[in-house]
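To start, the structure under review is shown below, and the notes come after it.
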Amino acid sequence: MADLIEYHVSPFHPEAHLFRVTLIVPEPDSQGQKLVLPAWIPGSYMIRDFARNIVSVSASCDGTNVDLIKLDKHSWQVAPVKGRLQVQTEVYAWDLSVRGAHLDTSHGFFNGTSLFLRVVGQEARPIKVMLNRPSTDLIRGWRLATSMPPKRVDKEGFGVYEVDNYEQLLDYPVEMGDFTETTFESKGIPHRMVFTGHVIGLDTERLCRDMQAICTSHADLFGELPLKQYLFMTMVTGDGYGGLEHGDSTALMCKRDDLPFSGMGKMTRGYRNFLGLCSHEYFHLWNVKRIRPRVLKDADLSDEVHTELLWAFEGITSYYDDLALVRSGCIDADSYLELLATTATRVMRGRGRLRQSVAESSFDTWTRFYKQDENAPNAIVSYYSKGALAALGLDITLRDATDDRSNLDDFMGALWRDFGKTDHGVDEGDLEKLAADIAGRDLNEFFQRVVHGREELPLEEWFRFFGIGYRLRAARGPDDWGSSGRSDDQENPRHSLGARYRQKGDFVELLQVYDEGPAQQCGLSAGDRLVAMDGVQVTSDNLASILNRLESGTQVEVHAFRRDELMNFQLSLCPPMADTCELWLLAAEECTALQLQRRRQWLRQ
1 MADLIEYHVS
11 PFHPEAHLFR
21 VTLIVPEPDS
31 QGQKLVLPAW
41 IPGSYMIRDF
51 ARNIVSVSAS
61 CDGTNVDLIK
71 LDKHSWQVAP
81 VKGRLQVQTE
91 VYAWDLSVRG
101 AHLDTSHGFF
111 NGTSLFLRVV
121 GQEARPIKVM
131 LNRPSTDLIR
141 GWRLATSMPP
151 KRVDKEGFGV
161 YEVDNYEQLL
171 DYPVEMGDFT
181 ETTFESKGIP
191 HRMVFTGHVI
201 GLDTERLCRD
211 MQAICTSHAD
221 LFGELPLKQY
231 LFMTMVTGDG
241 YGGLEHGDST
251 ALMCKRDDLP
261 FSGMGKMTRG
271 YRNFLGLCSH
281 EYFHLWNVKR
291 IRPRVLKDAD
301 LSDEVHTELL
311 WAFEGITSYY
321 DDLALVRSGC
331 IDADSYLELL
341 ATTATRVMRG
351 RGRLRQSVAE
361 SSFDTWTRFY
371 KQDENAPNAI
381 VSYYSKGALA
391 ALGLDITLRD
401 ATDDRSNLDD
411 FMGALWRDFG
421 KTDHGVDEGD
431 LEKLAADIAG
441 RDLNEFFQRV
451 VHGREELPLE
461 EWFRFFGIGY
471 RLRAARGPDD
481 WGSSGRSDDQ
491 ENPRHSLGAR
501 YRQKGDFVEL
511 LQVYDEGPAQ
521 QCGLSAGDRL
531 VAMDGVQVTS
541 DNLASILNRL
551 ESGTQVEVHA
561 FRRDELMNFQ
571 LSLCPPMADT
581 CELWLLAAEE
591 CTALQLQRRR
601 QWLRQ
């Protein structure tokens, strides 16, 4: 036990949102031990500078203080010592997200990247982690949830855990609080779900039934479930959404209203979104956590690591997250097409798709995708959304090339066999080679057009392959992100502002202004606050109605504040852009027998 590096974690001051972490290094570097806190967390590709939350740090050896020098924003050098080095930090934890650390009197959550200093040169040594129970009287009845391997813990989960090395240590987030819990099994493996926050009338029976079906669908695709347990940790809030994958667990955030409740009846959009989130992060236990780019496998978490492959690791995952919902029977085909239409709409809604490829989007994620501004729709494309469409295209391409003998399921199975099970990192170009091997022919044209190109995707052709109808129409409001079923053209609006907006106080604030739209062409910009249009006070509720009452081709006077200056604009009315996707199942008489067969095999319905 003496040769283990130790970390002792205490939620010692929840009122001030402070964790205390004591690091014990039994054999520090004789030249002086260097310590580094990660700057980013795997799965979220942005420099977050977690060290900025360290409010105090001190070092000692055998009760004597030791000099410690800060080298840069996240590194420290401790003076040489003989004996056990002890370093104590206090970490401010007020990031209510799946990426950082959060502590108050209602719960505590942390990722290792926020708390655990790396002992440079000793990353391979085994580690003991002591997770201490809160001592304050303000907290009673807390339990602890983590997938970290326990050594000696009490019935509430507090106590001693052990891991093999520092990389493993960072892959076990911890949740503590008075949480709601339920369990199910998939492939004989126990799965635990904990929910922190106010959960009202949770239908655990329905939730477990649906989650079991989804998890089993993913495990069947890969042919095995490579773990001994899995843990879903969910922070429930009034308006939250997010997830971050780990090797045998995931940290999630969701809206309270998105959870199923007793007597809910039919599937709600919110619950469907939550199942899709769970499905996405669960698929990552294969695709990202075990099948992973070599550069991320060997990543130093101090600096950015660039790869063009995120379109596959996030995009393919985004393709399968919703596909698993329909294949498992949790939703029907029409509901799935609505989700797929939303994905297509997200891509078509921004002209950034014509300026950035998904390979470039992957490479630039550190500075562009994770740091989006008001011009993002005009400048970038999401490797999640367009990556999912690229995955659809690759699925169809493999089916077509092999006369339906192989598809993307086989591609993922081969990735698991050749790269995941062997822990062999994926290099740039490996995916193209593997796809060509499965297809039995060169697929360079596909990858150059879809992955490395910026031209429009052949979506109509792809959807028809499965007997799916496709068209683009104008959005019918700010909340219209696509639909399933063929709608009446008379429902389309006559005019559009060409901007995304929201009500803010007495004004309509422009959040994003789309390239070549009416708002941009008349000089309006993101951040402008609209006051009136055609002499009438404008609100987010009446704006579309005002536009549609006016004649096409006319100019409308718009008054708006830019900063503190009132400005006047002449808005020229024109038809809205067709950028919203509709998908529907073509009738049997409109399809060939082959299209119907492919659709049944694809959706498993």
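Numbering (UniProt numbering), first residue to last: 1 to 605. Glycine residues also receive a C-beta, built at the ideal position from the N, C-alpha and C atoms.
Query	Result
Taking 8 Å as the threshold, find out whether the segment 247–256 comes into contact with the segment 222–236 through three or more Cβ pairs.	yes
Am I right that Leu37 and Phe50 are in contact with their C-beta atoms under 8 Å? What's the rounded C-beta distance?	6 Å
Looking at the secondary structure, which residues open and close the beta strand (DSSP E) in which Lys504 lies?	Ala499 to Lys504
First and last residue of the alpha helix (DSSP H) that includes Pro226?	Element bounds for Pro226: n/a, residue is neither H nor E.
Indicate the three-state DSSP secondary structure (helix, strand or coil) for Ala578 in the structure shown.	strand
Run through the DSSP bridge pairs and tell me what Gln77 is partnered with.	Lys34 and Ile69
Skipping 5 residues on each side, what residues in its chain have a beta carbon closer than 6 Å to that of Met1?	Low local confidence applies: a pLDDT of 45 at Met1 is under 50, so the model's placement there is unreliable, with the coordinate-based value given in what follows. So the list is empty, once near-sequence residues are dropped.
Determine the direct distance from the alpha carbon of Ser56 to that of Ile396, and round the result to whole angstroms.	55 Å
Who are the Cβ neighbours of Glu590 in its own chain at under 7 Å, not counting the five residues just before and after it?	none
How long is the line joining the alpha carbons of Gly482 and Ser10, rounded to whole angstroms?	48 Å
Does the distance from the CB of Thr204 to the CB of His191 come in under 9 Å?	no
Keeping to the same chain, check which residues put their C-beta closer than 6 Å to that of Met148; ignore five residues upstream and five downstream.	Tyr161 and Tyr172
Output the boundary residues of the beta strand (DSSP E) element that contains Tyr92.	Leu85 to Tyr92
Within the same chain, show all residues whose beta-carbon is closer than 7 Å to that of Tyr92, passing over the 5 residues directly before and after it, in chain order.	His17, Leu18, Asn53 and Val55
Thinking just about the alpha-carbon of each residue, which of Ala333, Leu472, Asp410 and Leu169 is nearest to the one in Arg346?	Leu472
Taking Asp257 as the reference, give the member of Leu103, Gly177 and Leu202 with the closest Cα.	Leu202
In this structure, what does DSSP give as the bridge partners for Trp584?	Gly469
When DSSP labels each residue in this structure, what does Asn111 get in the three-state scheme?	coil
The alpha helix (DSSP H) spanning Ser5 covers which residue range?	The residue you asked about is not Ser; residue 5 is Ile in the sequence shown. Looking at the DSSP string, Ile5 is not in any alpha helix (DSSP H); the run it does join, the beta strand (DSSP E), is Ile5 to His13.
The beta strand (DSSP E) that contains Ser58, what's its start and end?	Ile54 to Cys61
List the whole-angstrom C-beta distance separating Val513 from Leu524, where the pair is believed to meet the contact cut-off of C-beta under 8 Å.	6 Å
Should Arg566 be labelled buried (16 or more other beta-carbon atoms within 10 Å of its own) or exposed?	According to the sequence displayed, residue 566 carries Leu and not Arg. Label assigned to Leu566: exposed.
Return the Cβ separation of Arg562 and Asp528 in integer angstroms, given the expectation that the two are a contact with Cβ distance under 8 Å.	5 Å
Candidates Leu207, Arg294 and Val326: which alpha carbon is nearest Asp423's?	Arg294
Do the CB positions of Ser279 and Asp322 come within less than 9 Å of each other?	yes
I need the DSSP call for Ser540, collapsed to helix, strand or coil.	coil
Between the Cα of Tyr166 and the Cα atoms of Leu301, Tyr319 and Arg133, which residue gives the shortest distance?	Leu301
What are the boundary residues of the alpha helix (DSSP H) that includes Ala401?	Ser385 to Ala401
Compute the beta-carbon to beta-carbon distance between Thr105 and Leu131, rounded to the nearest angstrom, for a pair I have assumed lies under 8 Å.	Contact flag wrong, Cβ pair sits at about 18 Å.
Does the segment 297–313 touch the segment 428–440, meaning 3 or more C-beta pairs lie closer than 8 Å?	yes
Let me know if Thr592 comes out buried or exposed under the rule of 16 or more other beta-carbons within 10 Å of its beta-carbon.	exposed
May I ask which residues mark the beginning and end of the alpha helix (DSSP H) holding His280?	Arg269 to Phe283
Alpha carbon to alpha carbon, what distance is there between Ile127 and Thr89?	18 Å
Going along the chain, which residues of its own chain have a beta-carbon closer than 7 Å to the beta-carbon of residue 626, five neighbours each way excluded?	The structure shown does not extend to residue 626, since the chain is modelled only from 1 to 605, so the question has no answer here.
Hey, is the segment 344–363 in contact with the segment 573–584, meaning 3+ C-beta pairs nearer than 8 Å?	yes
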